[in-house]
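FYI, in the numbering used here the residues of the sequence shown are 1 to 196.
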Amino acid sequence: MSIFDNFLSEVSNFSILEIIGVVSSLLYIYFATKENRLCFLFGLISSTIYVYICFSYQLYFDTIINLYYIVMSFVGWAMWSENKNKVEEKVKSIQNKTFLLYATIGGLATLVFGGIALNYSDASLPFVDSFTTVFAIIATVMVVKKQIENWLIWIIVDGVGIGMYFYKELYFTSFLFLIYTIIAIQGYRKWKTQLI
Numbered sequence: 001m002s003i004f005d006n007f008l009s010e011v012s013n014f015s016i017l018e019i020i021g022v023v024s025s026l027l028y029i030y031f032a033t034k035e036n037r038l039c040f041l042f043g044l045i046s047s048t049i050y051v052y053i054c055f056s057y058q059l060y061f062d063t064i065i066n067l068y069y070i071v072m073s074f075v076g077w078a079m080w081s082e083n084k085n086k087v088e089e090k091v092k093s094i095q096n097k098t099f100l101l102y103a104t105i106g107g108l109a110t111l112v113f114g115g116i117a118l119n120y121s122d123a124s125l126p127f128v129d130s131f132t133t134v135f136a137i138i139a140t141v142m143v144v145k146k147q148i149e150n151w152l153i154w155i156i157v158d159g160v161g162i163g164m165y166f167y168k169e170l171y172f173t174s175f176l177f178l179i180y181t182i183i184a185i186q187g188y189r190k191w192k193t194q195l196i
């Protein structure tokens, strides 16, 4: 079966749940780039759906990250709501040494968790899955804090996600991650104009 045939088969077998997950994911990133707290509502919906999808494809770290996104949806909603009653959180940049610290911690965590998954589970693509999860956690915390560098991390994570989902023959999700990458680039550009 060719890649095109696999893609057509996947699209024709899509459930309404998966379609809702994809649309909710796109609405999340759209509202995040607009700094609108509705992003967290759509993040909650898409993450709940993707817990099921990722677990079904043995992407256990992506399952975990989606559980984390569920929690962060509530945290982000609360933080962005709280800031509406006070002075709104401004977009800011972090120091290079802080970014390097995030990258070092993320790299080490990727190796540790990927190694554990490789040796103690039937996880598919343990190091790639670990990388995307660890750095997505870091980027999500940075989104909530409105640190502009979150978008740079998302560009990398989403780019790796394109390949990971394509390899797993989840072509529609791979395409979703291509869209994420483009939107993350736009989000970075928009937030850059608002730096304090």
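We put the CB at the ideal spot given by N, CA and C, even for glycine.
Scan the segment 43-94 and note each continuous alpha helix (DSSP H) run of 4 residues or more that stays entirely inside, going in chain order.
60-85
Quick one: is E149 buried, meaning 16 or more other Cβ sit within 10 Å of its Cβ, or exposed?
buried
Along the alpha helix (DSSP H) that carries S174, what are the first and last residues, could you check?
171-192
For S130, the first and last residue of its enclosing alpha helix (DSSP H)
126-144
Identify the continuous alpha helix (DSSP H) that holds L101 and give its terminal residues.
96-120
What first and last residue would you give for the alpha helix (DSSP H) that runs through E35?
E35 -> no alpha helix (DSSP H), and no H or E assigned at all.
Determine the extent of the alpha helix (DSSP H) in which I153 is found, giving its start and end residues.
150-167
Can you list, in chain order, the residues of its chain whose CB lies under 8 angstroms from that of V51, leaving out five sequence neighbours each side?
T63, N66, L67, I70
Give every residue of the same chain whose Cβ lies closer than 8 angstroms to the Cβ of Y188, excluding the five residues on either side of it in the sequence, and list them in chain order.
I148, W151, L152, I155
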